[in-house]
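Comments concern the structure below.
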Amino acid sequence: MDLGLTERVYVVSGGTRGLGFAVARALTAEGARVVVSGRDASSVAAAVAAFGESQATGVAADNADPATPERLVAAALDRWQRLDGALVNGGGPPLGSVLETADDIWRHSFESVFLGAVRTARVVAEHLNEDGSLAFVLSTSAQAVIPGLDVSNGLRPGLAMLTRTLATQLGGRGVRVNALLPGRITTERTGYIDAGNTASNTAAIPLGRAGEPIEFGRIAAFVLSPAASYLSGTAIPVDGGASA
Ligand SMILES: NC(=O)c1ccc[n+]([C@@H]2O[C@H](COP(=O)([O-])OP(=O)(O)OC[C@H]3O[C@@H](n4cnc5c(N)ncnc54)[C@H](OP(=O)(O)O)[C@@H]3O)[C@@H](O)[C@H]2O)c1
Numbered sequence: 000m001d002l003g004l005t006e007r008v009y010v011v012s013g014g015t016r017g018l019g020f021a022v023a024r025a026l027t028a029e030g031a032r033v034v035v036s037g038r039d040a041s042s043v044a045a046a047v048a049a050f051g052e053s054q055a056t057g058v059a060a061d062n063a064d065p066a067t068p069e070r071l072v073a074a075a076l077d078r079w080q081r082l083d084g085a086l087v088n089g090g091g092p093p094l095g096s097v098l099e100t101a102d103d104i105w106r107h108s109f110e111s112v113f114l115g116a117v118r119t120a121r122v123v124a125e126h127l128n129e130d131g132s133l134a135f136v137l138s139t140s141a142q143a144v145i146p147g148l149d150v151s152n153g154l155r156p157g158l159a160m161l162t163r164t165l166a167t168q169l170g171g172r173g174v175r176v177n178a179l180l181p182g183r184i185t186t187e188r189t190g191y192i193d194a195g196n197t198a199s200n201t202a203a204i205p206l207g208r209a210g211e212p213i214e215f216g217r218i219a220a221f222v223l224s225p226a227a228s229y230l231s232g233t234a235i236p237v238d239g240g241a242s243a
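Structure representation (structure tokens):
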């Protein structure tokens with residue numbers, strides 16, 4: 000199946016490592032071009048080198064910074080004069096319980112995880128037309144409690160509902176909006192979560208193992224591509240069946 004990604008241009012925020020990197024990998028393997036971002040400039044440079052400068056450019060930027068989305072869009076338009084969508088992604092919120100998480104952690108997580116995602120989608124959407132696609136990387140916490148990740152449990156369900164809201168508002172322009180809900184996919188983030196002793200039990204995953212980032216990357220690349228032309232307003236678990 001041809002995904003129709005050749006020469007399309009996507010912003011992949013948080014695209015320097017982990018799931019975002021894998022999505023950028025899958026997109027570029029199908030001939031798309033990507034603008035990858037992350038806070039650390041050397042990781043941005045390494046990611047661009049991994050994908051090749053003909054297919055990738057990078058911006059060192061923090062999702063919590065209100066100026067970031069405009070910088071990402073400008074990078075795409077300056078380089079390729081087009082923009083077809085975005086993987087709206089970044090670092091996850093810290094571990095912690097509702098009863099113990101201080102206001103400043105909630106505020107910072109909201110700025111980065113929640114408002115950062117909303118702003119990125121809003122600014123990218125201004126430039127999208129027919130066949131444009133936004134995919135938010137959320138978490139299975141959008142649908143069910145993950146013990147120990149209470150800030151995620153608080154923020155992700157709201158973003159999942161915003162995904163559906165945006166799908167209703169942008170559908171008339173032919174722009175699709177979906178959410179991806181990773182379960183347990185081995186990245187630096189899962190290392191951090193394991194260190195906090197809240198590792199999910201892989202025995203509870205019907206496929207019996209954690210996912211590999213590229214397994215997530217392929218699904219996200221399809222959702223972003225024109226091949227998924229009638230898919231919008233959904234939240235797709237990518238969790239080896241764990242939410243079944
Ligand atoms: N892996 C899983 O199993 C899993 C499960 C559920 C949900 N998720 C969610 O999926 C997202 C990606 O997870 P991951 O496992 O790929 O994490 P990761 O391995 O920690 O990678 C995060 C990426 O985002 C960038 N990033 C972090 N904070 C950022 C910020 N404020 N602004 C811009 N870029 C930022 C990082 O680069 P810098 O550090 O250089 O900024 C890196 O490129 C997270 O939101 C996570 O909560 C992951």
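Take numbering that gives the first Met the number 0: the final residue in the sequence shown is number 243, and no numbers are missing along the way.
Here a beta-carbon is modelled for each residue, glycine too, at the ideal position from N, C-alpha and C.
None of the values given here were measured: they were computed from a predicted structure.
Sixteen is the threshold: when 16 or more other Cβ atoms of the shown chains lie within 10 Å of the Cβ of Pro212, as they do, the residue is buried. If you draw a straight line from the Cα of Gly190 to the Cα of Arg183, it comes to about 11 angstroms. Distances from the alpha-carbon of Val117 to those of Ser41, Arg217, Ser140, Ala85 put Ala85 closest. Boundaries of the alpha helix (DSSP H) around Leu26: 17 to 28. Leu94: not part of any beta strand (DSSP E); DSSP gives it neither H nor E. Across the structure, Glu69 and Ala202 are spaced so that their CA atoms are roughly 43 angstroms apart.
Setting aside the 5 residues that flank it on each side, Phe215 is surrounded in the same chain by Leu18, Ala21, Val22, Leu179, Pro181, Ile184, Val237, each with a C-beta closer than 8 angstroms to its C-beta; the list follows chain order.
Excluding the 5 residues flanking it on each side, Val8 has same chain C-beta neighbours closer than 6 angstroms at Arg32, Ala75, Trp79, Arg81, Leu82, Asp83, in chain order. In the structure shown, the three-state DSSP call for Pro236 is strand. Residue environment for Arg155: buried (at least 16 other C-beta atoms within 10 angstroms of its C-beta). Secondary-structure assignment with DSSP links Ile145 through no beta bridge to anything. Judged by DSSP secondary structure, Pro65 falls outside any beta strand (DSSP E); it is assigned neither H nor E. Per the C-alpha coordinates, the member of Gly51, Asp193, Ala45, Leu165 positioned closest to Val123 is Leu165. A contact is defined here as three or more CB-CB pairs under 8 angstroms, and the segment 121 to 141 meets this definition with respect to the segment 170 to 178. Here the distance from the Cβ of Ser53 to the nearest heavy atom of ligand 1 is not below 7 angstroms. A buried status is given to Gly57, since no fewer than 16 other beta-carbon atoms sit within 10 Å of its beta-carbon. By the CB criterion at 8 angstroms, Ala219 and Ala25 fall inside the cutoff. Assigned with DSSP and collapsed to three states, Pro156 falls in helix. When the five nearest sequence neighbours on each side are left out, the beta carbons in the same chain lying within less than 8 angstroms of the beta carbon of Phe221 are those of Leu2, Ala227, in order along the chain. Leaving aside the five residues that flank Ser108 on each side, the residues in its chain whose CB is nearer than 8 angstroms to its CB run, in chain order, Pro92, Pro93, Val150, Leu154. Residue state for Arg183 is assigned as coil, using DSSP reduced to three classes. Nearest to Asp77 by alpha-carbon distance, out of Ala60, Ala55, Met0, Val97, is Ala55. Judged by DSSP in its simplified three-state form, Tyr229 adopts coil rather than helix or strand. Exclusion of Pro205 from the 7 angstroms shell around ligand 1 follows from its C-beta lying no nearer than that to any non-hydrogen atom of the ligand.
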